[in-house]
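Heads up, the thing below is written out as structure tokens.
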Amino acid sequence: MTDDNKVSNNTLTTRQGHPVSDNQNVRTVGSRGPTTLENYQFIEKITHFDRERVPERVVHARGAGAHGYFEAYGKVGDEPISKYTRAKLFQEPGKQTPVFVRFSTVVHGGHSPETLRDPRGFAVKFYTEDGNWDLVGNNLKVFFIRDPIKFPDMVHAFKPDPVNNLNNPERMFDFLSLTPEATHMVTFLFSPWGIPANYRQMQGSGVNTYKWVNSEGQGVLVKYHWEPKQGIKNLLQKDAEQIQSVHTEHATQDLYDAIERGDYPEWELSVQILSDDEHPELDFDPLDVTKLWPHDQFPFLKVGKMVLDRNPANYFNEVEQAAFGTGVLVDGLDFSDDKMLQGRTLSYSDTQRHRVGANYLQLPINAPKTHVATNQRDGQMEYKVDLAPGQNPHVNYEPSSMGGLKEAPKAGKDHEPHYNANLVRERIERTNDFGQAGDTYRSFEEWEREELIENLVGVLKICKPDIQERMIGYFTQADPDYGRRVSEGVRQAGSTSSHTSSADADQAAKQARSDAKETDGY
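Number 82 in my numbering belongs to position 67 of the sequence shown; there are no gaps in the numbering.
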């Protein structure tokens, strides 16, 4: 081959490695066609194009991500962190662990506006020396429901109508009005906290209750909280609508641009710690995901900081295929009995195997940056075998005397919580569905309360009277002023008996019909 004909490193090829000399024209009989079936280059290209998208996430479909690192402080507050957990990534001051973070909106689709009122996902993958740890949470610190069996119902109620594929707030509030524990989350979501200004200036929370375990096998309950060093900013509904009119992905751009210019966002990680028992002195169950642990009783204790300093090189490979699971814990971290956590632990990893494939953990974005050796084999898209150095490739089972894998030594005593109760289907005893919702309402500044009332009235005015009455009843039990103001707002707004979607969406469809300019065909 002459120098002129050599294939350089930037030469376009097929997936088989064949150099492509003409990427402008398919092979045809004459210049006008027909096209022949043996167009391998075209067939490979178009059939791959037809398969470019993996199934969209059912929730958290719209996302943005970035790489960075977590730096440990070596303490929890002023105490040695080893008192509470033996997790290696926390032990040494200044120790850095690589991370990848995916931010997201929850309910809406992959190309939905980032200005919609919705919780925001905040998922962090720590590539630790003991394997991956996924801390999967949201920006808001509480949730709508406390039992995982209701999660599919909740998501169905929040998603578009299955008949016309339109969002209808009446469906959402039909469910919420029969779910009193959601009152606290509704109070946050319809306040300015429901629309973070961007991803860099929002909090994160593990939401669920986890455990830390020390070298003696002793466990404590913990909650995780990310606090942005950039400050916290939220949007009013009118400001969000103005942004949405010209930009539907402002938060993704904000994160990308900040990192590109070297303005690296940072968050400090704090934990709250409780002893691992039922805490009868509290008026709520500490495992109830609809509740906050009061700061004055259980202070935030700093354990480290996170810095995001590198943008993804390819959105699909790194952000879309990033796969998280609440069951992905390292030694020294453990599960609590939080019902929602237990349900999420099955659901999250299961959906990744469905969405990305059985071997999703071999993808670079998901693969641990440490030793991996398993007896798991085959499955769609396996492209390597997780063999240890010197492992007998004929042995894919354990135990074996013929050069197979061996069990690891224990890092500390096992955590062995004791149980003595009947197997039942019962809700927790201390529900207290409205107390903290009232506390949150009263903690808002007046402008936040005004925004909350206006937003609630805007959606409740199209709901059936019985739905309105139930929601107003919940708000009144949370705080009499809260219920009174929503009730007065709904009464003044007047009910909209006939609607297809939200009041604003119905008006927009009507306006499009009336404002459209007629033209001749062509």
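Glycine residues also receive a C-beta, built at the ideal position from the N, C-alpha and C atoms.
Whole-Å CB distance - residue i paired with residue j, under 8 Å assumed
{"i": "Gly347", "j": "Thr143", "result": "The Cβ separation is near 10 Å, so there is no contact."}
{"i": "Ala255", "j": "Thr130", "result": "4 Å"}
{"i": "Gly83", "j": "Asp324", "result": "5 Å"}
{"i": "Glu283", "j": "Lys320", "result": "5 Å"}
{"i": "Met217", "j": "Pro243", "result": "7 Å"}
{"i": "Thr51", "j": "Thr43", "result": "7 Å"}
{"i": "Gly80", "j": "Pro327", "result": "6 Å"}
{"i": "Lys226", "j": "Asp349", "result": "4 Å"}
Buried/exposed call for residue i, threshold 16 Cβ in 10 Å
{"i": "Tyr434", "result": "exposed"}
{"i": "Ser11", "result": "As displayed, the chain neither begins before 16 nor continues past 537, which places residue 11 out of reach and without an answer."}
{"i": "Ile487", "result": "buried"}
{"i": "Gln526", "result": "exposed"}
{"i": "Thr389", "result": "exposed"}
{"i": "Glu107", "result": "exposed"}
{"i": "Glu53", "result": "exposed"}
{"i": "Ser206", "result": "buried"}
{"i": "Lys532", "result": "exposed"}
{"i": "Met187", "result": "buried"}
{"i": "Asp303", "result": "buried"}
{"i": "Met16", "result": "With a pLDDT of 46 at Met16, under the threshold of 50, the modelled position of this residue cannot be trusted, and the question is left open."}
{"i": "Trp462", "result": "exposed"}
{"i": "His424", "result": "It should be pointed out that residue 424 corresponds to Pro in this sequence rather than to His. Under this definition Pro424 is an exposed residue."}
{"i": "Ile96", "result": "buried"}
{"i": "Leu250", "result": "buried"}
{"i": "Val334", "result": "buried"}
{"i": "Val122", "result": "buried"}
{"i": "Pro414", "result": "exposed"}
{"i": "Val116", "result": "buried"}
{"i": "Ile482", "result": "buried"}
{"i": "Leu6", "result": "Lying outside 16 to 537, the shown extent of the chain, residue 6 is not represented and no answer is given."}
{"i": "Ala87", "result": "buried"}
{"i": "Phe141", "result": "buried"}
{"i": "Val345", "result": "buried"}
{"i": "His33", "result": "exposed"}
Residue i vs residue j beta-carbon contact at 8 Å
{"i": "Thr198", "j": "Ala426", "result": "no"}
{"i": "Phe315", "j": "Gln336", "result": "no"}
{"i": "Ser502", "j": "Ile477", "result": "no"}
{"i": "Asn213", "j": "Ala266", "result": "yes"}
{"i": "Ser127", "j": "Arg72", "result": "no"}
{"i": "Arg135", "j": "Asn147", "result": "no"}
{"i": "Lys9", "j": "Ser290", "result": "Nothing can be reported for residue 9: it is not among the residues displayed for the chain, which extend from 16 to 537."}
{"i": "Pro280", "j": "Arg215", "result": "yes"}
{"i": "Thr29", "j": "Glu67", "result": "no"}
{"i": "Val74", "j": "Val170", "result": "yes"}
{"i": "Gly418", "j": "Asn411", "result": "no"}
{"i": "Lys103", "j": "Asp145", "result": "yes"}
{"i": "Asp298", "j": "Asn447", "result": "yes"}
{"i": "Phe85", "j": "Thr112", "result": "yes"}
{"i": "Tyr489", "j": "Gly453", "result": "no"}
{"i": "Gly209", "j": "Arg132", "result": "yes"}
{"i": "Ala172", "j": "Asp189", "result": "yes"}
{"i": "Asp300", "j": "Ile443", "result": "yes"}
{"i": "Val41", "j": "Phe64", "result": "no"}
{"i": "Arg392", "j": "Ser192", "result": "no"}
{"i": "His430", "j": "Val228", "result": "yes"}
{"i": "Ile468", "j": "Arg500", "result": "yes"}
{"i": "Gln252", "j": "Glu466", "result": "yes"}
{"i": "Asp230", "j": "Lys90", "result": "According to the sequence provided, residue 230 is Ser. The question's Asp does not apply to it. No, Cβ-Cβ distance for Ser230 and Lys90 is not below 8 Å."}
{"i": "Lys479", "j": "Glu185", "result": "yes"}
Below-8 Å beta-carbon distance, residue i vs any chain D residue
{"i": "Gln111", "result": "Going by chain labels, chain D is absent from the structure shown, which holds only one protein chain."}
Is there contact here, the stretch 202-222 with the stretch 400-408, by at least three beta-carbon pairs under 8 Å?
-> no
Could you pull out every unbroken beta strand (DSSP E) segment of at least 3 residues lying fully inside the stretch 206-278, listed in chain order?
-> 225-228 and 234-243
Going along the chain, which unbroken runs of the alpha helix (DSSP H) with 4 or more residues stay wholly within the stretch 17-95?
-> 55-64
Considering only residues of the stretch 118-206, which uninterrupted beta strand (DSSP E) runs meet the minimum length of 3 residues and lie entirely inside it, listed in chain order?
-> 135-143 and 146-153
On the three-pair Cβ rule with 8 Å, is the stretch 353-366 touching the stretch 389-398?
-> no
Determine, using beta-carbon pairs with one atom in the stretch 469-480 and one in the stretch 429-448, whether at least three such pairs fall under 8 Å.
-> no
Residue ranges of each beta strand (DSSP E) within the stretch 343-374, 3 or longer | 348-350
Is it a yes or a no for the stretch 149-158 touching the stretch 211-227, going by three-plus beta-carbon pairs under 8 Å?
-> yes
Do the stretch 168-186 and the stretch 235-249 make contact, defined as three or more Cβ pairs closer than 8 Å?
-> no
Segment contact flag, the stretch 365-381 with the stretch 338-346, C-beta cutoff 8 Å, min 3 pairs | yes
Is the stretch 457-471 in contact with the stretch 293-312, if contact means three or more CB pairs nearer than 8 Å?
-> no
Entirely within the stretch 294-335 and at least 3 residues each: give me those beta strand (DSSP E) ranges in chain order.
-> 316-325
Start-end ranges of the alpha helix (DSSP H) lying completely within the stretch 493-531, minimum 4 residues | 495-508 and 518-530
Contiguous alpha helix (DSSP H) assignments of at least 4 residues, all confined to the stretch 384-469 | 450-458
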